[in-house]
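Q: One structure is given below, represented as structure tokens, and several questions about it will come after.
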């Protein structure tokens, strides 16, 4: 089977100002020996210049000048590192409310989210918003890192109180298919991040890295129906492959096998899968996330943007959709506005039919009647399309249930939507 066998785990981080998020990532990089010599020297030099008697690991991730000067995270930074067990990609996302759009972007492709809580402050409004966004994006694996335990003298009772407060958020969540793990840490001093700490001897669970290393990818994979959107049609027209007609794309959800009965949408033509290949290798099946080329038994007219699905697993088809939208543009979203809606590689003209309400980004999910959505707002919106699309609810298939809205004049990405 062709599939994602390189054991890459995609993480995102979320935390309020001064929760130590960048320090935690820097500590992980340092303790896993993932920092280059020049980067480590720069951290040591900068820490001395600031008069610190410790290494300021936040410098390993705060890449923008404004971030380093203010000591905050603004943009989404992607950090890559590896252990003997697997490779990691960390999306270091900002936690401030004015950068909600950045957090949604960074979290949307992550399999695991690390939510940081300052042990001195406990669960605050920002924490609730971070948990809400992870629920919105249906992140299955959540790690709640209670950081700065050294500043409360590694007090177990205070840690337990924070866990109890967070548990109340979980009970009010509309997404219960999550595995939530609580871990007390001190990122600055390295307690319980990579190595166990005597200061936290009362905690019998795994360290942060032990937990991440032991996450089974199959346990956090989305269970969804197979959706294969054609990105390009391959016609070599050479002597060796004179009649070859292949369809290349990425499989979103499920599994496809040679011999499967499939339907091509929007035409509705039926056929069977003749072959599945990746570069010059042939396979009998392909799993979710595979970038593959397939051929069909019959000479069916298939174009870029067409969707190939199993005949017994047809998606929904409509010219009108209801979706939760995170607005990312300076220009507000208003009813009757027109945008290009990009669903995978398919681009269709769309019109905002109505804005039902704005959604509060805390766990209450409170709604508010509004006439427009401003930057970083979340809202429930009905959209009319110029032509039908074939989709699933985001809860059922993330890849086929999400879209972006593109400004027709500036061509900027104005918003991201999750279909209900």
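Numbering (UniProt numbering), first residue to last: 1 to 420. Just so you know, even glycine gets a beta-carbon here, dropped at the ideal spot from N, CA and C. Note that this is a predicted model, so its numbers are computed, not measured.
In whole angstroms, give me the CA-to-CA distance for residue 77 and residue 109.
A: Residue 77 sits at position 77 when you count from the first residue of the chain shown. Residue 109 sits at position 109 when you count from the first residue of the chain shown. The alpha-carbon atoms of residue 77 and residue 109 are separated by roughly 13 Å.
Q: Go through its chain and collect everything with a Cβ distance to residue 296's Cβ below 6 Å, but skip five positions before and after it.
A: Looking up residue 296 in the chain shown gives position 296. If we look at residue 296 and ignore the five residues flanking it on each side, its Cβ neighbours are 271, 274.
Q: Taking a contact to mean a Cβ-Cβ separation below 8 Å, would you say residue 16 touches residue 124 in this structure?
A: For the purposes of this step, residue 16 is taken as residue 16 along the chain shown, with counting starting at 1. For the purposes of this step, residue 124 is taken as residue 124 along the chain shown, with counting starting at 1. Closer than 8 Å, so yes.
Q: Taking residue 81 and residue 13 to be in contact with their CB atoms under 8 Å, please state how far apart those CB atoms are, rounded to whole angstroms.
A: Counted from its first residue, the chain shown places residue 81 at position 81. Counted from its first residue, the chain shown places residue 13 at position 13. About 13 Å; that fails the 8 Å criterion.
Q: Compute the Euclidean distance between the alpha carbons of residue 279 and residue 243, then round it to the nearest angstrom.
A: For this step, residue 279 is matched to residue 279 along the chain shown. For this step, residue 243 is matched to residue 243 along the chain shown. Cα to Cα, the separation comes out at about 18 Å.
Q: Give every residue of the same chain whose Cβ lies closer than 8 Å to the Cβ of residue 371, excluding the five residues on either side of it in the sequence, and list them in chain order.
A: Residue mapping note: residue 371 aligns to position 371 of the chain shown, counting from 1. So the qualifying residues of the chain are 334, 335, 355.
Q: Can the beta-carbon of residue 193 be found closer than 8 Å to that of residue 302?
A: If you number the chain shown from 1, residue 193 lands on position 193. If you number the chain shown from 1, residue 302 lands on position 302. In this structure, residue 302 does not lie closer than 8 Å to residue 193 by Cβ.
Q: State the CB to CB distance for the pair residue 207 and residue 246, rounded to an integer number of angstroms; the pair is presumed to be in contact (CB under 8 Å).
A: As a first step, residue 207 must be located in the chain shown, where it is residue number 207. As a first step, residue 246 must be located in the chain shown, where it is residue number 246. No, residue 207 and residue 246 are not in contact; Cβ-Cβ is about 47 Å, not under 8 Å.
Q: How do the segment 404 to 415 and the segment 311 to 318 stand: do at least 3 beta-carbon pairs fall below 8 Å, yes or no?
A: no
Q: Mapping DSSP to helix, strand and coil, what is residue 18?
A: Along the chain shown, one-based indexing puts residue 18 at 18. Residue 18: coil per DSSP, three-state reduction.
Q: In or out: residue 184 buried (at least 16 other Cβ within 10 Å) or exposed?
A: Numbered from 1 along the chain shown, position 184 holds the residue referred to as residue 184. Under this definition residue 184 is a buried residue.
Q: Pull up the distance between the alpha-carbon of residue 367 and that of residue 359, whole angstroms please.
A: Taking the first residue of the chain shown as 1, we reach residue 367 at position 367. Taking the first residue of the chain shown as 1, we reach residue 359 at position 359. Distance between the alpha carbons of residue 367 and residue 359: 5 Å.
Q: Less than 8 Å between the CB atoms is what I'm expecting for residue 307 and residue 390, so what's the real figure, rounded?
A: As a position in the chain shown, residue 307 is number 307, starting the count at 1. As a position in the chain shown, residue 390 is number 390, starting the count at 1. That pair is a contact at about 5 Å.
Q: Could you pull the start and end residues of the beta strand (DSSP E) that residue 390 belongs to?
A: The residue you call residue 390 lines up with position 390 of the chain shown. Per DSSP, residue 390 belongs to the beta strand (DSSP E) from 378 to 391.
Q: If we require 4 or more residues per run, which alpha helix (DSSP H) segments fall completely within the segment 194 to 252?
A: 208 to 214, 217 to 220
Q: Among residues of its own chain, excluding the 5 on either side of residue 365, which ones have a beta-carbon nearer than 8 Å to its beta-carbon?
A: Taking the first residue of the chain shown as 1, we reach residue 365 at position 365. Closer than 8 Å at Cβ, skipping near neighbours: 132, 174, 359.
Q: Which residues in the same chain have their Cβ closer than 8 Å to the Cβ of residue 69, if we skip the five residues on either side of it in sequence?
A: The sequence position of residue 69 within the chain shown is 69, counting from 1. A caution first: residue 69 carries a pLDDT of 44, below 50, which makes its placement in the model unreliable, though a value can still be read off. Excluding sequence neighbours, residue 69 sits near nothing in its chain.
Q: With distance defined between alpha-carbon atoms, name the residue in 19, 221, 261, 241 nearest to residue 253.
A: By 1-based counting over the chain shown, the position of residue 253 is 253. The shortest C-alpha separation from residue 253 is found at 221.
Q: I'd like the list of long-range same chain contacts for residue 392, defined as Cβ closer than 6 Å, with 5 residues on each side in sequence excluded.
A: In the chain shown, the residue the question calls residue 392 occupies position 392. Within the same chain, 315, 400, 401 come within 6 Å of residue 392 by CB-CB distance, once the 5 residues on both sides are set aside.
Q: Could you spell out where the beta strand (DSSP E) holding residue 322 opens and where it closes?
A: For this step, residue 322 is matched to residue 322 along the chain shown. It spans 316 to 327 - the beta strand (DSSP E) in which residue 322 sits, taken as one unbroken run.
Q: Would you say the segment 29 to 44 touches the segment 131 to 151, given that touching needs at least three Cβ pairs under 8 Å?
A: no
Q: Which partner residues of residue 271 appear in the DSSP bridge assignment?
A: In the chain shown, residue 271 corresponds to position 271, counting from 1. DSSP, once it has assigned bridges, lists 262 as partnering residue 271.
Q: Quick one: using the 10 Å Cβ neighbour count with 16 as the cut-off for buried, is residue 5 buried or exposed?
A: Position 5 of the chain shown, counted from the first residue, corresponds to residue 5. With a pLDDT of only 48 at residue 5, under the threshold of 50, the placement of this residue in the model should not be trusted; the figure read from the coordinates follows. Exposed, since its Cβ has fewer than 16 Cβ neighbours within 10 Å.
Q: Leaving out five residues before and five after residue 384 in sequence, what residues of the same chain have Cβ atoms less than 7 Å from its Cβ?
A: If you number the chain shown from 1, residue 384 lands on position 384. Answer for residue 384: 319, 320, 350, 351, 353, listed in chain order.
Q: Whole-angstrom Cβ separation of residue 141 and residue 179, contact assumed at under 8 Å?
A: Residue 141 sits at position 141 when you count from the first residue of the chain shown. Residue 179 sits at position 179 when you count from the first residue of the chain shown. Their Cβ separation, rounded to whole angstroms, is 5 Å, which keeps residue 141 and residue 179 in contact under 8 Å.
Q: Does residue 214 pass the burial test, meaning 16 or more other C-beta atoms within 10 Å, or should it be called exposed?
A: The residue you call residue 214 lines up with position 214 of the chain shown. Of the other Cβ atoms in all chains shown, fewer than 16 fall within 10 Å of the Cβ of residue 214; this residue is therefore exposed.
Q: Cutting at 6 Å between CB atoms, please list the residues of its own chain near residue 199, excluding the five before and the five after it.
A: Reading the chain shown from its first residue, position 199 is the one you call residue 199. Cβ neighbours of residue 199 beyond the five flanking positions: 154, 191.
Q: Out of curiosity, what's the CA-to-CA distance linking residue 91 and residue 25?
A: As a position in the chain shown, residue 91 is number 91, starting the count at 1. As a position in the chain shown, residue 25 is number 25, starting the count at 1. So the alpha carbons of these two residues sit roughly 10 Å apart.
Q: Can you list, in chain order, the residues of its chain whose CB lies under 8 Å from that of residue 50, leaving out five sequence neighbours each side?
A: As a first step, residue 50 must be located in the chain shown, where it is residue number 50. Hits under 8 Å: 56.
Q: If you draw a straight line from the alpha carbon of residue 230 to that of residue 212, how long is it in whole angstroms?
A: For the purposes of this step, residue 230 is taken as residue 230 along the chain shown, with counting starting at 1. For the purposes of this step, residue 212 is taken as residue 212 along the chain shown, with counting starting at 1. Each residue's Cα considered, the two are about 34 Å apart.
Q: Counting along the chain, where does the beta strand (DSSP E) carrying residue 465 start and finish?
A: Because the chain in this structure spans residues 1 to 420, residue 465 falls outside the shown range and cannot be described.
Q: Check residue 343 in the structure and name its three-state DSSP category.
A: Position 343 of the chain shown holds residue 343. Reduced to three states, the DSSP call for residue 343 is strand.
Q: Establish whether the CB of residue 360 and some CB of chain C are separated by less than 8 Å.
A: As a matter of chain content, chain C is missing from the structure shown, which is built from one protein chain.
Q: Could you tell me whether the segment 115 to 123 touches the segment 162 to 171, where touching means 3 or more Cβ pairs closer than 8 Å?
A: Judged by Cβ distances under 8 Å, the segment 115 to 123 makes contact with the segment 162 to 171, as three or more pairs qualify.
Q: Check whether the Cβ atoms of residue 111 and residue 7 sit closer than 8 Å, and answer yes or no.
A: If you number the chain shown from 1, residue 111 lands on position 111. If you number the chain shown from 1, residue 7 lands on position 7. The answer is no: Cβ separation not under 8 Å.
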